[in-house]
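Scroll down for the structure; my scribbles are underneath it.
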Ligand code: UN1
């Protein structure tokens, strides 16, 4: 194991440009999900800490909103540069605390770097609208204005990337932030905050409060001085977030669950489809919102695909994500492991065929962590719970279909709408899938994961509430439009009435 300081690292909140001491109050600890070893200790925040953080953010907003956007963008560029310099170090820390294999932890940090550079560039764009006025000697335009204090509540599966999706657009647009990371993985949130401090972000613009959802999260949801909540997590918690935030009429942006499908048609390149399924279903141990937890397969290729998939997945190596050659890391916690494993009995009782896996993996060193065998259910019906519910683990369910039309119907027949994919060599089918699949993200001849930050990220139906992160769409979440009319005619001109 790297880092002799493991278990001795302790971090307080970061409020108004100052780091508190973790030891000055109650704390909580994180543990490496691969080994059970302690990783770090954090201050366990309260509503009083949230109050202080919001007050700091509110005071800082008065100045930050007036800093020219290109200057705000320069701070993001510096943060991007610093993240790039520490990419390897941060990736290792992420693997220690969250468990994803190092290759993927590097990808998570890279996604944060990409977002920082992209939104840094927005400092010199932040396009508004300028349109012709209907009256002479009159100017008409709309500009983006920041909202104020934003409450950012982030999940454990992308400890760096998802915080950057929320924080970078908010900052470049002139907002200030109270940031609450998942209590299972605050380390990269601490690192990101330290990076901003080093990059010269003024005190109070970004405040970090660690702790539980019930204490810190709920205090953020209830605070009257917070204008926006951006939350990524389960649909169940998302419903709670939206309900609580409605009491103080906050804007709410939600990124919630998925039950993403890969369709494999009878004309697909099976080798390519297998690569996409293995990567999308079992990468990050299936703990991505975008994970392929369903494979909708044309009956003509069902047998071949099932057999070849089982052969490939059976060879995947489980273990500590810092060990060379390991392809599947642990899942995040004991509770999650048990939840995933409970679906094994659910699937079997419903009559799905257990093609591979199905057990908690506890041979040798694996017993120290939270490992689940990569699992494939085959021959499933689209209505079964294993074909409908988000499992968030290394489990995928194969559903045979007889036609393209049925494949589309099954793909759309779940409550979620985040990501979907189709493997086909037929350009007409590909375009019909683009037209008829009801998801926020769609892939043709690629798996369901791997969204790039310059396009909108998010989904339809129970996956969210209509907002998008990333790309230009992220700016719509963190800004308010102000339409401005300037009449330089020197006389009263009445819209809709005068010529
Ligand atoms: C998530 O799972 O919440 O497209 C985010 C992807 C990554 C982001 C996933 N770029 O899989």
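Residue numbers (the working numbering): 18 to 516.
Heads up, the beta-carbon is just placed ideally off N, CA and C, and yes, glycines get one too.
In this text, all values refer to a predicted model and were calculated from it rather than measured experimentally.
ask   = DSSP three-state call for residue 547: helix, strand or coil?
value = A query on residue 547 cannot be resolved here, the shown segment of the chain reaching from 18 to 516 and no further.
message = For residue 336, tell me which candidate among 130, 245 and 346 has the shortest Cα-Cα distance.
response = Stepping through the chain shown from its first residue, residue 336 is reached at position 319. Closest by alpha carbon: 346.
ask   = From residue 22 to residue 474, what does the alpha carbon distance come to, in whole angstroms?
value = Within the chain shown, residue 22 is the residue found at index 5, counting from 1. Within the chain shown, residue 474 is the residue found at index 457, counting from 1. With a pLDDT of 44 at residue 22, under the threshold of 50, the modelled position of that residue is not reliable, and no figure is offered here.
ask   = For residue 277 versus residue 308, is the C-beta spacing smaller than 8 Å?
value = Translated into the one-based positions of the chain shown, residue 277 becomes position 260. Translated into the one-based positions of the chain shown, residue 308 becomes position 291. Contact flag set, yes.
query = Does the separation of the CB atoms of residue 135 and residue 471 fall below 8 Å?
reply = In the chain shown, counting from the first residue as 1, residue 135 sits at position 118. In the chain shown, counting from the first residue as 1, residue 471 sits at position 454. Their beta carbons are under 8 Å apart, which means residue 135 touches residue 471 by this criterion.
inquiry  = Count Cβ pairs between the stretch 125-134 and the stretch 245-255 that sit closer than 8 Å; are there 3 or more?
reply    = no
ask   = Among 457, 90 and 422, which one has its Cα closest to the Cα of residue 486?
value = Within the chain shown, the letter at position 469 stands for residue 486. Among 457, 90 and 422, the Cα nearest to that of residue 486 is on 457.
query = Are residue 200 and residue 45 touching if we call contact CB-CB under 8 Å?
reply = Position 183 of the chain shown, counting from 1, holds the residue named residue 200. Position 28 of the chain shown, counting from 1, holds the residue named residue 45. Yes, the pair counts as a contact, with Cβ atoms nearer than the cut-off.
task = Kindly give me the distance between the Cβ atoms of residue 311 and residue 418, rounded to whole angstroms, as I take these residues to be in contact under 8 Å.
result = Residue 311 sits at position 294 when you count from the first residue of the chain shown. Residue 418 sits at position 401 when you count from the first residue of the chain shown. At roughly 11 Å, the Cβ-Cβ gap does not stay under 8 Å, so residue 311 and residue 418 are not in contact.
inquiry  = Which residue marks the beginning of the beta strand (DSSP E) containing residue 416, and which one marks its end?
reply    = As a working mapping, residue 416 is identified with position 399 in the chain shown. Segment 412-418, the beta strand (DSSP E) holding residue 416.
query = Should residue 152 and residue 512 be called a contact, given that it needs their Cβ atoms to be closer than 8 Å?
reply = Walking along the chain shown from the start, residue 152 turns up at place 135. Walking along the chain shown from the start, residue 512 turns up at place 495. Yes, these two residues count as a Cβ contact at 8 Å.
message = Taking 7 Å as the cut-off, is the beta-carbon of residue 174 closer than that to any non-hydrogen atom of the ligand MN?
response = You won't find the ligand MN in this model; what it holds is the ligand UN1.
task = Please state whether DSSP places residue 360 in a helix, a strand or coil.
result = As a first step, residue 360 must be located in the chain shown, where it is residue number 343. Three-state result, residue 360: helix.
Endpoints, the alpha helix (DSSP H) within which residue 188 is located = The residue you call residue 188 lines up with position 171 of the chain shown. Unbroken alpha helix (DSSP H) run through residue 188: 178-189.
query = Is residue 18 buried or exposed, if buried means 16 or more other CB atoms sit within 10 Å of its CB?
reply = By one-based count along the chain shown, residue 18 stands at place 1. For residue 18, the pLDDT reaches just 36, beneath the cut-off of 50, and the residue's location in the model is therefore unreliable, although a value from the coordinates is still provided. Its Cβ having fewer than 16 others within 10 Å, residue 18 is exposed.
key: Contact the stretch 114-134 vs the stretch 172-187: 3+ CB pairs below 8 Å   = yes
query = So what's residue 282 in DSSP terms, helix, strand or just coil?
reply = For the purposes of this step, residue 282 is taken as the residue at position 265 of the chain shown. Three-state result, residue 282: coil.
inquiry  = At a threshold of 7 Å, does residue 249 count as lining the ligand UN1 (C-beta to nearest heavy atom)?
reply    = Here residue 249 refers to the residue found at position 232 of the chain shown. Correct: residue 249 has its Cβ closer than 7 Å to the ligand UN1.
Other residues of its chain near residue 331: CB distance less than 7 Å, five sequence neighbours each side excluded = By one-based count along the chain shown, residue 331 stands at place 314. These residues qualify, in order along the chain: 373.
inquiry  = Tell me the DSSP secondary structure of residue 135 in three-state form.
reply    = Taking the first residue of the chain shown as 1, we reach residue 135 at position 118. Residue 135: helix per DSSP, three-state reduction.
inquiry  = Looking at residue 454: is its Cβ nearer than 8 Å to the Cβ of residue 479?
reply    = Position 437 of the chain shown, counting from 1, holds the residue named residue 454. Position 462 of the chain shown, counting from 1, holds the residue named residue 479. For residue 454 and residue 479, no; Cβs fall outside 8 Å.
query = On the three-pair Cβ rule with 8 Å, is the stretch 287-305 touching the stretch 429-442?
reply = yes
inquiry  = Can you give me the C-alpha to C-alpha distance between residue 304 and residue 409, rounded to a whole angstrom?
reply    = Taking the first residue of the chain shown as 1, we reach residue 304 at position 287. Taking the first residue of the chain shown as 1, we reach residue 409 at position 392. Answer to the nearest angstrom: the Cα atoms are 5 Å apart.
query = By the 10 Å Cβ neighbour count, where 16 or more other Cβ atoms means buried, how is residue 156 classified, buried or exposed?
reply = For this step, residue 156 is matched to residue 139 along the chain shown. Burial call: exposed.
inquiry  = Please return the same chain residues whose Cβ sits closer than 7 Å to the Cβ of residue 342, not counting the five positions on each side in sequence.
reply    = Sequence index remark: in the chain shown, residue 342 carries index 325 (1-based). The residues are 334.
query = Using 8 Å as the limit for Cβ to Cβ distance, is residue 499 near chain D?
reply = Absent here is chain D; the protein component of the structure consists of one chain.
ask   = Would residue 20 be called buried (16 or more neighbouring beta carbons within 10 Å of its own) or exposed?
value = Your numbering for residue 20 matches position 3 in the chain shown. Unreliable positioning characterises residue 20 in this predicted model, as indicated by a pLDDT of 39, which lies under 50. A coordinate reading is not provided.
ask   = For residue 370, which residues of its own chain have a beta-carbon under 6 Å away from its beta-carbon, when the five flanking residues on both sides are left out?
value = The count along the chain shown starts at 1 and reaches residue 370 at position 353. If we look at residue 370 and ignore the five residues flanking it on each side, its Cβ neighbours are 395 and 396.
task = Please work out which residues of its chain come closer than 6 Å, Cβ to Cβ, to residue 192, disregarding the five sequence neighbours upstream and downstream, and give them in chain order.
result = Here residue 192 is taken as the residue at index 175 of the chain shown, counted from 1. Closer than 6 Å at Cβ, skipping near neighbours: 163, 164, 167 and 495.
ask   = What residues in its chain sit with their C-beta under 6 Å from that of residue 27, if we drop five residues either side in the sequence?
value = For the purposes of this step, residue 27 is taken as the residue at position 10 of the chain shown. The residues are 39 and 58.
task = Check whether the stretch 92-106 touches the stretch 208-219, counting contact only when three or more Cβ pairs, one atom from each stretch, lie closer than 8 Å.
result = yes
ask   = Which two residues bound the contiguous alpha helix (DSSP H) that contains residue 320?
value = On the chain shown, position 303 is the one that residue 320 refers to. Segment 316-331, the alpha helix (DSSP H) holding residue 320.
message = Can you determine whether any heavy atom of the ligand UN1 sits closer than 7 Å to the C-beta of residue 307, and answer yes or no?
response = Walking along the chain shown from the start, residue 307 turns up at place 290. The answer is yes for residue 307.
task = Given a cut-off of 8 Å, decide if residue 450 and residue 466 are closer than it, judged by their beta-carbon atoms.
result = If you number the chain shown from 1, residue 466 lands on position 449. If you number the chain shown from 1, residue 450 lands on position 433. Against a cut-off of 8 Å, the Cβ pair of residue 450 and residue 466 comes out as no contact.
Beta carbon of residue 90 nearer than 8 Å to that of residue 145 = For the purposes of this step, residue 90 is taken as the residue at position 73 of the chain shown. For the purposes of this step, residue 145 is taken as the residue at position 128 of the chain shown. It is not a contact, given that the beta carbons lie outside the stated cut-off.
Buried or exposed (CB count within 10 angstroms, at least 16 for buried), residue 353 = Position 336 of the chain shown holds residue 353. Classification for residue 353: buried.
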